[in-house]
């Protein structure tokens, strides 16, 4: 018989922060039957690549999720945070379990790349843009599952709590309440739950800021509420709780403008439309799709690769530039990757800007627009709450991630609590791609 396994992805949780959590009541009780270790993240140390690697047991070179954004070469278009399951070119553990035993019950709450996925219960944000404005909706499987959860909790999920200037622990609170409701009503054998709020605080305040303590307290309370729900249902001694993160953050003090440097070198082109400059993906010889501390650099003609590499390597704040051999080393070489991949210095991050005259900035630059910008824009968290304008002072960001630990980035964490957890021996470090096969064994109750 399968044993229930509940996996919680606490984004941005570092080994140091986990040690602080373990001093708190909820996590200290988990450690009574638990084991923890540092986890070696995959490169790039980003959300979508991390989750795809953790769940499939493969590297980005295999599953193809090379960043939080994708450059669609056939459409000359960058799009960030595409959530489709079909983008992951490998099979996640929950699908393997269902394949082995179709009556296995699986649940995925707010996990990335689960839209139109294959699990019994799924909730993932999918706001709808209509003529009347934004509808804060979540996709769910089965149809109506999200609405049923909203009725049980007495409120819908607020996307404003999830991202932007109002992001806070309320998002994780709603998600945890949904997880508890799912366990009570449906008894999943395997459930993955994404708790987001610590990540955003680490970016805004810095990973070592005093304000992080309240976020840790919130996480401890949330885990305690889940353990109490398991006790109430008689599952605490019969199930495993897995806590992990995708990466940890490093303190940063400013951004690096790769695209502006490429433009000044004559490699990046823009189109001026109604007195605003937009990146010309078709005619640019090179451009950077930036993502925290990592940038995929797409080069139109192979004979320009050496020139582009020399330009990028000369930019202050760039730590490393990987060509094909370097990408092979980090198991990132995939057709979706850029011909070059840049990594910032540990105390820097990459901003997507390509203009020097603020009056010519594209329309989306001053607003929250997580899909159209050809790069992740953490400054959306600092949007002015009165004018609704996103600032462009890159020194506001105090924490970032993406660099591999041997490039100055941080380790992730992995923790198991339960009957197997108290006898489990984990290597240090534990590699992220080892997680999926271990979780599969935990579900089957096998020795690990």
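Residue numbers (this note's numbering): 2 to 449.
Here a beta-carbon is modelled for each residue, glycine too, at the ideal position from N, C-alpha and C.
This one's a predicted model, so the numbers in the text were calculated from it and none came from an experiment.
Residues bridged to residue i (per DSSP)
i	result
residue 125	140
residue 321	344
residue 252	400
residue 441	Answer is none; residue 441 lacks a bridge partner.
residue 416	37, 244
residue 278	273
residue 10	195, 245
residue 298	289, 341
residue 117	Bridge partners of residue 117: none, in fact.
residue 431	40
residue 85	116
Which of helix, strand or coil DSSP assigns to residue i
i	result
residue 389	coil
residue 398	coil
residue 79	strand
residue 102	coil
residue 164	coil
residue 17	helix
residue 94	helix
residue 130	strand
residue 107	strand
residue 44	coil
residue 146	helix
residue 377	coil
residue 135	strand
residue 383	helix
residue 55	helix
residue 171	helix
residue 327	helix
residue 368	coil
residue 178	helix
residue 238	helix
residue 152	helix
residue 268	coil
Test item: CB-CB of residue i and residue j under 8 Å
i	j	result
residue 403	residue 320	no
residue 234	residue 295	no
residue 196	residue 398	no
residue 39	residue 433	no
residue 178	residue 160	no
residue 337	residue 118	no
residue 361	residue 276	yes
residue 181	residue 230	yes
residue 298	residue 328	no
residue 312	residue 263	yes
residue 165	residue 382	yes
residue 226	residue 198	no
residue 34	residue 419	yes
residue 371	residue 81	yes
residue 291	residue 259	yes
residue 221	residue 28	yes
residue 122	residue 191	no
residue 257	residue 349	yes
residue 441	residue 98	yes
residue 128	residue 135	yes
residue 200	residue 13	yes
residue 232	residue 6	no
residue 110	residue 194	yes
residue 209	residue 157	no
residue 67	residue 375	no
residue 86	residue 63	no
residue 437	residue 395	no
residue 278	residue 392	no
First through last residue of the beta strand (DSSP E) which encompasses residue i
i	result
residue 2	Looking at the DSSP string, residue 2 is not in any beta strand (DSSP E), and its letter there is neither H nor E.
residue 289	287 to 292
residue 71	70 to 73
residue 352	349 to 352
Residue span of the alpha helix (DSSP H) that contains residue i, given as start and end
i	result
residue 263	259 to 265
residue 32	26 to 32
residue 361	Here residue 361 belongs to no alpha helix (DSSP H), and DSSP marks it neither H nor E.
residue 422	Run containing residue 422: none; DSSP gives neither H nor E here.
residue 218	213 to 234
residue 311	306 to 314
residue 210	No alpha helix (DSSP H) holds residue 210; DSSP gives it neither H nor E.
residue 64	61 to 64
Test: residue i CB closer than 8 Å to a CB of chain C
i	result
residue 144	Absent from the structure is chain C; it holds one protein chain and no more.
Cβ contact check for the region 265 to 283 and the region 44 to 53: 3 or more pairs under 8 Å: Short answer: they don't touch.
On the three-pair Cβ rule with 8 Å, is the region 414 to 422 touching the region 22 to 42? With the rule of 3 Cβ pairs closer than 8 Å, the region 414 to 422 counts as touching the region 22 to 42.
Quick one: any contact between the region 241 to 254 and the region 8 to 27, if contact means 3 or more CB pairs under 8 Å? Touching, per the Cβ criterion.
Three or more C-beta pairs below 8 Å linking the region 51 to 67 and the region 343 to 357: Touching, no, given that fewer than three Cβ pairs across the two stretches are closer than 8 Å.
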